[in-house]
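Written below as structure tokens is the structure these notes are about.
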Amino acid sequence: MIRKCNEDGYFRGHECPECGDSGRYVLDDEREERLGRFISGALRHFPYDIGLEMDTQGWVDLDLLCDIMENRYRWATEERLIALIESDVKRRYEAEGSRIRARYGHSVNVDLDYPENELTYLYYGVSLEEVDMLLENGITPLRQRYVHLSTSYRKAHEAASVHTENPVVIEVDAESAQQDGLFFMNVNDDIVLTDEVPPEYLSIVAAKE
Ligand SMILES: [Zn+2]
């Protein structure tokens with residue numbers, strides 16, 4: 007559930023993680039999930055099918071998105087949409103003035119423009135069955151526009167655990183890859199996007215924190 011603390015803003019759960027206040031009700035679990043699925047579809051996968059226009063960097067008009075959303079869900083409001091994205095610990099979306107976009111996870115074709123930072127190692131979790139093929143061929147995006155790499159072993163393991171029981175984590179030598187001209191975009195503290203990673207930068211890594 008999403009609630010709002012007067013001091014600290016929107017949060018998930020029953021208590022503000024900053025001050026412990028119970029805040030005021032904004033959205034229940036079921037609607038949070040439905041709205042989350044709608045927004046993911048709209049901003050990552052099929053903006054055009056529902057009547058949105060998206061620029062090359064993934065931005066769509068916030069008012070138009072709200073009109074479409076409110077037509078579909080009577081209970082949906084702009085405040086609830088903003089609450090959903092601001093309380094999201096994964097920081098999937100961002101709103102800026104009159105526009106909104108997904109920060110990552112696109113299957114629709116976009117050309118994102120995040121800054122590049124200096125990197126050392128990045129991580130990518132895969133299943134035991136996939137690992138040999140990736141080490142040999144490199145990592146390319148499957149259903150998504152970009153390859154999504156994690157900034158820590160733990161996050162990569164966590165992400166892969168959704169799809170497989172025994173994840174193996176591949177380490178990406180991002181520093182060398184950057185020196186060789188590969189471009190990496192820092193989306194948030196956890197995720198870095200890139201077009202593809204050739205096999206020479208990949209190795210299997212033993213479990214670590
Ligand atoms: Zn608070």
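7 is the number of the first residue of the sequence shown in the numbering used here; add one for each residue after it.
Backbone N, C-alpha and C fix where the C-beta goes; we use that ideal spot for every residue, glycine too.
Glu21 and Gly29 have their C-alpha atoms roughly 7 Å apart. Relative to the Cα of Phe189, the nearest Cα in the group Ile197, Asp195, Ala180, Asp196 belongs to Ala180. In this structure Val174 is in contact with Ile210, their Cβ atoms being roughly 6 Å apart against a cut-off of 8 Å. Short of 6 Å from the beta carbon of Met60, and not among the five residues preceding or following it, lie these beta carbons of its own chain, in chain order: Pro53, Val66. Taking C-alpha positions only, Ala165 is separated from Ser133 by approximately 11 Å. Three or more Cβ pairs closer than 8 Å define a contact, and the stretch 76-91 falls short of that threshold against the stretch 134-149.
Under the three-state reduction of DSSP, Asn115 is assigned to coil, being neither helix nor strand.
Distance between Ser93 and Ala101, taken at the CA atoms: about 13 Å. Met191 and Gly19 have their C-alpha atoms spaced approximately 31 Å apart. A distance criterion of 6 Å places the beta-carbon of Glu13 in contact range of ligand 1, judged by its closest non-hydrogen atom.
Taking the Cβ of Glu24 as the reference point, at least one heavy atom of ligand 1 falls within a distance shorter than 6 Å.
Nearest Cα to Asp34 within the set Pro205, Lys10, His163: Lys10. Between His163 and Gly131, the gap from beta carbon to beta carbon is short of 7 Å.
In the DSSP assignment, Phe17 is bridged to Arg9.
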